[in-house]
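These protein sequences, in sequence, are chains A and B.
The numbering used here numbers the first residue of the first sequence as 803 and each following residue consecutively.
The numbering used here numbers the first residue of the second sequence as 71 and each following residue consecutively.
Each residue gets a CB set at the ideal place from its N, CA and C atoms; glycine is no exception.
To start, the structure under review is shown below, and the notes come after it.
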Amino acid sequence: AQSVTQLDSHVSVSEGTPVLLRCNYSSSYSPSLFWYVQHPNKGLQLLLKYTSAATLVKGINGFEAEFKKSETSFHLTKPSAHMSDAAEYFCVVSDQNQGGKLIFGQGTELSVKP
Amino acid sequence: NAGVTQTPKFQVLKTGQSMTLQCAQDMNHEYMSWYRQDPGMGLRLIHYSVGAGITDQGEVPNGYNVSRSTTEDFPLRLLSAAPSQTSVYFCASIKNNWGVGYTFGSGTRLTVV
């Protein structure tokens, strides 16, 4: 069975400093992996996706993630945090053998201090 | 506007009442699903559908029913609401290409008292 573990429930950074949100996955075959962002009282927005092409994936708003099969990781990074990045972030794996249903991590809340 | 539309946005129910959460998409997506979001638990799959007339259970299906009579609509029914069903509900859809990413509705915040 596939699963996703987000290693930090809360991350706090200062504006202008790098962001690292960690995600490990478990999958018996090549997964499709995603990062979604949810701003307070809003729906979910796709940040980026990995689908077995390039291992370094660039997304919106300056975010990127690197797929490392040997480490079963898909960490999300951004070189310089902005106040508007404060939100909850979800690492997600797609189960292609079961109608493409999504399996979510528990979420990481990112706080950005001025 | 193309996308996933959920109604209502907010709802308060009394224990034992029934209601239907509506979800509609106009992107001709085959796959649709319902998730519930609870603090510290991410989103959990309730039911999903791979096409009109086909539905299946997800991780937390108890207390919920679904049907898919058309490609566009995927309503979620609560037959007898319980306080444990207080949550935020999201509907999502995707075409048959998993790599594109799901489109999510804006959510329905349900409180059962």
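#1: Please report whether the beta-carbon of B:Y172 lies at a distance below 8 Å from any beta-carbon of chain A.
#2: Around the C-beta of A:S872, are 16 or more other C-beta atoms found within 10 angstroms, so that it is buried, or is it exposed?
#3: In three-state DSSP terms, what is B:N135?
#4: Measuring alpha carbon to alpha carbon, tell me which residue in A:D887, A:G845 and A:S854 is nearest A:N863.
#5: Could you give the C-beta distance for B:R147 and B:T85, rounded to a whole number, given that I count them as a contact under 8 Å?
#6: Between which two residues does the beta strand (DSSP E) holding A:H812 run?
#7: Is it true that the CB of B:V182 sits closer than 8 Å to the CB of B:A152?
#8: Excluding sequence positions up to five away, which residues of its chain have a Cβ less than 7 Å from the Cβ of B:Q107?
#9: Hey, does B:S103 have any beta-carbon neighbour from chain A nearer than 8 Å?
According to the structure shown:
#1: For the purposes of this step, residue 172 of chain B is identified with residue 102 of the second sequence, where counting begins at 1. At least one chain A Cβ lies under 8 Å of B:Y172.
#2: Walking along the first sequence from the start, residue 872 of chain A turns up at place 70. Exposed, since its Cβ has fewer than 16 Cβ neighbours within 10 Å.
#3: Locating residue 135 of chain B in the second sequence gives position 65, counting from the first residue. The answer is strand: DSSP assigns B:N135 an E or B state.
#4: Locating residue 863 of chain A in the first sequence gives position 61, where the first residue counts as 1. It is A:D887 whose Cα lies nearest to the Cα of A:N863.
#5: Here the question's residue 147 of chain B lines up with position 77 in the second sequence. Here the question's residue 85 of chain B lines up with position 15 in the second sequence. In fact, because the Cβ distance is near 16 Å, the residues do not count as touching under 8 Å.
#6: On the first sequence, residue 812 of chain A is found 10 positions in, with the first residue counted as 1. A:H812: member of the beta strand (DSSP E) spanning H812 to S816, first to last residue.
#7: Taking the first residue of the second sequence as 1, we reach residue 152 of chain B at position 82. Taking the first residue of the second sequence as 1, we reach residue 182 of chain B at position 112. Yes; because the gap between Cβ atoms is below 8 Å, this pair is in contact.
#8: Sequence index remark: in the second sequence, residue 107 of chain B carries index 37 (1-based). Once the five neighbours on either side are set aside, the close Cβ partners of B:Q107 are L113, S157, V158 and F160.
#9: As a working mapping, residue 103 of chain B is identified with position 33 in the second sequence. Interface residue, yes.
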